[in-house]
Amino acid sequence: MPTLLSREVYQQLRDAAMGVRTLQLVQQHQLDGQRWVDIDGWQLLLDFEGDRLHHCEHCRHPDGREGSLDTWQRYGTNPVSLLSTWEMAQIEQLLRQKPTGACVTQPA
């Protein structure tokens, strides 16, 4: 099965930032700053430094395809690196607003 491309994962993050897709915080690891999120069935492990989104560690598509930091860095681009400053700020803000298990979407 082919791996997920960085751009495919970026598109999910972008759509969540724009309010087109629903972002849900699934689990937050307090010690290492990682957060599992769900974006309409896509499972992403995001790495934070404080409140700042640093990179996407792993992603699983609903069809079973996966991608990881090791694969993306081999080709030079992490999905988070493709986000605009505004898009990244939106994701960070959405994840600060809601507790684990809550759906977060951008207001229309």
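Read left to right, the sequence shown gives residues 6 to 113 (this note's numbering). Heads up, the beta-carbon is just placed ideally off N, CA and C, and yes, glycines get one too.
Inset, instruction - Label Trp-47 either buried or exposed according to how many other C-beta atoms from any shown protein chain fall within 10 Å of its C-beta, with 16 as the threshold for buried. - result: By 1-based counting over the sequence shown, the position of residue 47 is 42. Buried: at least 16 other Cβ atoms inside 10 Å.
Legend entry - Contact set for Ala-21: own chain, Cβ-Cβ below 6 Å, skip 5 residues either direction: Against the sequence shown, residue 21 aligns to sequence position 16. If the five residues before and after Ala-21 are omitted, its C-beta is found closer than 6 Å to the C-beta atoms of Leu-28 and Ile-44, all from its own chain and listed in chain order.
Legend entry - Separation of Glu-54 from Leu-87, as counted between CA atoms: Your numbering for residue 87 matches position 82 in the sequence shown. Your numbering for residue 54 matches position 49 in the sequence shown. Taking the straight line joining both Cα atoms gives about 18 Å.
Legend entry - Buried versus exposed call for Trp-77 [16 or more other C-beta atoms within 10 Å across all chains shown]: Sequence index remark: in the sequence shown, residue 77 carries index 72 (1-based). Under this definition Trp-77 is a buried residue.
Inset, instruction - Just confirm the distance between the C-beta atoms of Glu-4 and Leu-9, as a whole number of angstroms; I'd bet it's less than 8 Å. - result: This structure gives no information on residue 4, because the portion of the chain shown stretches from 6 to 113.
Inset, instruction - Taking only runs that begin and end inside the stretch 31-106, name each unbroken alpha helix (DSSP H) of 4 or more residues, in chain order. - result: 74-79 and 90-102
Inset, instruction - Tell me whether Leu-18 sits in a helix, a strand or coil according to DSSP, three-state version. - result: Sequence index remark: in the sequence shown, residue 18 carries index 13 (1-based). Reduced to three states, the DSSP call for Leu-18 is helix.
Inset, instruction - Put Met-6 into one of helix, strand or coil per three-state DSSP. - result: Residue numbering aside, residue 6 sits at position 1 when the sequence shown is read from its first letter. Note: Met-6 maps to coil in three-state DSSP.
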